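Reminder that position 48 of the sequence shown reads as 48 in UniProt numbering, one-by-one numbering, no gaps. Note that the Cβ used here is the ideal one computed from N, Cα and C, for glycine as well. Everything numeric in this text was worked out from a predicted model, so none of it was measured.
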Amino acid sequence: MNILRRIDLNLLVTLHALLIEKHVSRAALRLHKSQPAVSHALANLREIFDDPLLVRRAGKLERTARASELLQPLTEALDQLGALIEQPAFEPAQAKHAFRLAMSDYGAGVILPGLARLLRGQAPGIDLEIVQGSRTSMLASVHEGTADLAFGVFPQDLPDELRTHALFTERFACAADKDTLPKSGRLNRKQWLARPHVLVAMQSSENNEIENALSREGVSRRVALSLPHWGVAGRLMANTDLVLTAARRTFDLFLEEPRLQVFTPPFPITPFDFTMVWHSRRESDPAHNWLRQTIVTTLGDQGSGPCSS
């Protein structure tokens, strides 16, 4: 109770912004406060918690162990207080709200064009910040409260506190320079395995559906080029013998290279669900509920069932 006598709600809100942003200036922008005011609050918080909370490592601020322990319960407490204080009704046309969404550039290409048009027409005060990371880091950001939603291909055995909704089912396709392909316009299994391959992934070691399919077949491929960017992938394959195997929508979104031919993989690869993930603590948040339903509607609700766990 001694700490409670020395701290008020504004300080807790400031602490939450600092722990999420790990940057005094960005926290100040998030809070619509001056940088000196946030720096002064950080000094008070360090004294109250008897911990530096944020320490500088390799030129940037990182959370201490104590700060990392505080983030999730603090996020949950502030969400619960907000639910008590705020009106439950959400009026998108009048709302001013910011959401942070974790997704790859594939997810951005699928979701954002339609969502941005809808927001500009129906909810112009809603702002979006898009962040990218590995599957593990995106799930961690939702769990910690540093992201409102994550989109991608995730394991089915997620923690109980995370909620999911399958937005659509995706299949795979291959692409290569059309001049390097047989008259059939595709590669058979032997030809496909003999080619060098391109892998687009945030982490080359990250498990993916293609490697799992190859493992089931008892074969392997040579990944000659691994990179985290879709934008250049199409141009890399033109005038080479490289082959890319990826989600079918990828070729419509990013690979507008006239030299490329898209064809069906020469072996079965299990389709995957593209999934939206959020934390159960956000389920009472009307703005969050509205955004989830809006995303489902924008994509034509190609998943199964309502937008819930």
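{"Query": "Extent of the continuous alpha helix (DSSP H) to which Q132 belongs", "Result": "Unbroken run through Q132: none, as it is neither H nor E."}
{"Query": "The segment 281–291 / the segment 139–152 touching (three or more Cβ pairs under 8 Å)", "Result": "yes"}
{"Query": "Residues bridged to E170 (per DSSP)", "Result": "F272"}
{"Query": "Presumed contact (8 Å Cβ cut-off) between I269 and F172, rounded CB distance", "Result": "4 Å"}
{"Query": "8 Å CB neighbourhood of E256 in its chain, flanking five on each side removed", "Result": "G234"}
{"Query": "Rounded straight-line distance, which links the Cα of A89 to that of I20", "Result": "27 Å"}
{"Query": "Terminal residues of the beta strand (DSSP E) in which K60 lies", "Result": "60–63"}
{"Query": "Backbone secondary structure at R221 - three-state DSSP", "Result": "coil"}
{"Query": "Contact under 9 Å by Cβ, A41 with N10", "Result": "yes"}
{"Query": "Cut-off 7 Å between Cβ atoms - residues of its own chain near A247, not counting five sequence neighbours on either side", "Result": "Y106, E170, F172"}
{"Query": "Cβ-based burial, R117 [other Cβ within 10 Å; buried from 16]", "Result": "exposed"}
{"Query": "Segments of 4+ residues assigned as alpha helix (DSSP H) that fall wholly inside the segment 4–31", "Result": "9–21, 24–31"}
{"Query": "C-alpha distance - T264 paired with N188, whole-angstrom precision", "Result": "10 Å"}
{"Query": "Contact belief for R163 with E76 at Cβ below 8 Å, rounded distance in angstroms", "Result": "15 Å between Cβ atoms; not a contact."}
{"Query": "Integer-rounded CB distance, given that A287 should sit under 8 Å from H97", "Result": "5 Å"}
{"Query": "L187 at chain C interface by Cβ criterion, 9 Å", "Result": "No chain C appears in the structure shown, which is made up of a single protein chain."}
{"Query": "Helix, strand or coil at L70 [DSSP, three-state]", "Result": "helix"}
{"Query": "Contacts around S220, its chain only, beta-carbon distance under 7 Å, and the 5 residues preceding and following it disregarded", "Result": "L214"}
{"Query": "Residues that A247 bridges to, as DSSP identifies them", "Result": "F172"}
{"Query": "Cut-off 7 Å between Cβ atoms - residues of its own chain near S25, not counting five sequence neighbours on either side", "Result": "Q35"}
{"Query": "Start-to-end residues for the beta strand (DSSP E) that takes in G152", "Result": "149–152"}
{"Query": "Cβ shell of T14 (< 8 Å), same chain only, five flanking positions each side left out", "Result": "A27, L31, K33, V38, A41, L42, L45"}
{"Query": "Three-state secondary structure assigned by DSSP to Q94", "Result": "coil"}
{"Query": "Distance between V243 and W192 (C-alpha atoms, nearest Å)", "Result": "8 Å"}
{"Query": "Straight-line gap, L225 to F267 (C-alpha atoms, nearest Å)", "Result": "21 Å"}
{"Query": "CA-to-CA distance, P182 to V277, given in whole angstroms", "Result": "42 Å"}
{"Query": "Endpoints, alpha helix (DSSP H) assigned at V110", "Result": "105–122"}
{"Query": "Cβ separation of H197 and R222, assumed to be a contact under 8 Å, to the nearest whole Å", "Result": "6 Å"}
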